[in-house]
Each structure stands twice: as structure tokens, then as C-alpha cells.
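To start, the structure under review is shown below, and the notes come after it.
What follows is the structure in C-alpha cells.
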């Protein structure tokens with residue numbers, strides 16, 4: 651149960667839980683930059699319009715819906731579409747730390763009610779290795 655002792659406005663879980671939320675598969679594919687020079691046309695910008703530094707790339711079996719959902723629910727997950735491979739790639743902006751120990755924010759999806767968001771948070775809390783709010 652999500653506690654409301656004080657007003658929590660931001661929630662986080664571990665990156666590993668976020669990435670695997672839709673049960674997709676990811677395979678390390680760091681050769682992407684060499685094999686698809688156009689991938690960076692779809693490179694994501696952060697909230698300030700800057701490009702995050704990417705340390706690893708993973709080819710995925712994500713559908714368009716999966717990527718849309720994951721980006722809405724966990725906005726610090728970065729994806730880019732490769733026209734050459736016709737696949738979505740997960741772009742990882744951190745290195746040297748297990749994904750179980752990297753926090754990622756959980757966001758309310760645009761069409762989601764506050765009540766549905768609370769239910770989603772409870773499900774994530776139950777499944778995540780790490781979950782916290784501030």
C-alpha cells in the first residue's frame with residue numbers, strides 16, 4: 651500500500667524493473683553506431699533539449715506501443731528507432747552500476763486517472779526490487 655504520511659510527488663523504482671516492465675527482450679548491440687549511422691536522427695532529447703550521453707545500446711523486440719508506454723511510465727528510458735534494422739533500440743545513459751541500483755522516475759501516463767496511477771504504483775512497488783518516493 652502506498653503510504654501518504656506526507657505528500658509524495660515523485661516516485662522511483664530500479665531501472666531493471668522499468669526496462670523489463672513490458673516483458674521485452676534486450677540484447678546488447680553496441681555496434682549500432684557503426685552499422686546504422688542514421689540512428690542518431692532519432693536520438694532523444696532530455697527535458698532541457700540536451701542529448702544524454704549514451705554508454706550502451708540494446709536491440710529490442712519492443713512494439714511501438716511498448717515504447718510509447720515505457721516512455722510515458724518511465725520517462726528516463728531512452729529509445730531510438732532504426733530504419734535500417736526496423737527495430738527499437740534501448741539507449742542506456744549510465745554505466746558501471748547494476749540496473750538494480752539505478753533509480754528511474756515513475757510518471758503518471760497522460761490518459762491515466764489519479765486512482766489508476768495509485769494502483770499502478772502499488773503494482774510496481776510489489777514487483778520492483780527498489781521503490782521509493784519523495
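Residue numbers (my numbering): 651 to 784. Think of the CB as a built atom: it goes at the ideal place given N, C-alpha and C, for glycine as much as any other residue. Note that the structure is a prediction, hence the values are computed from the model and not measured.
Given a cut-off of 7 Å, decide if residue j and residue i are closer than it, judged by their beta-carbon atoms.
{"i": "residue 676", "j": "residue 708", "result": "yes"}
{"i": "residue 712", "j": "residue 680", "result": "no"}
{"i": "residue 770", "j": "residue 740", "result": "no"}
{"i": "residue 742", "j": "residue 729", "result": "no"}
{"i": "residue 738", "j": "residue 731", "result": "yes"}
Give the DSSP-derived three-state secondary structure of residue i in the structure shown.
{"i": "residue 670", "result": "coil"}
{"i": "residue 727", "result": "coil"}
{"i": "residue 779", "result": "coil"}
{"i": "residue 802", "result": "Here the chain comprises residues numbered 651 to 784, so residue 802 is not present and cannot be evaluated."}
Where does the unbroken alpha helix (DSSP H) through residue i begin, and where does it stop?
{"i": "residue 684", "result": "682-685"}
For the beta strand (DSSP E) containing residue i, name the first residue and the last one.
{"i": "residue 677", "result": "676-678"}
{"i": "residue 757", "result": "Where residue 757 is concerned, there is no enclosing beta strand (DSSP E), given that its DSSP letter is neither H nor E."}
Rounded to a whole number of angstroms, what is the C-alpha to C-alpha distance between residue i and residue j?
{"i": "residue 659", "j": "residue 779", "result": "20 Å"}
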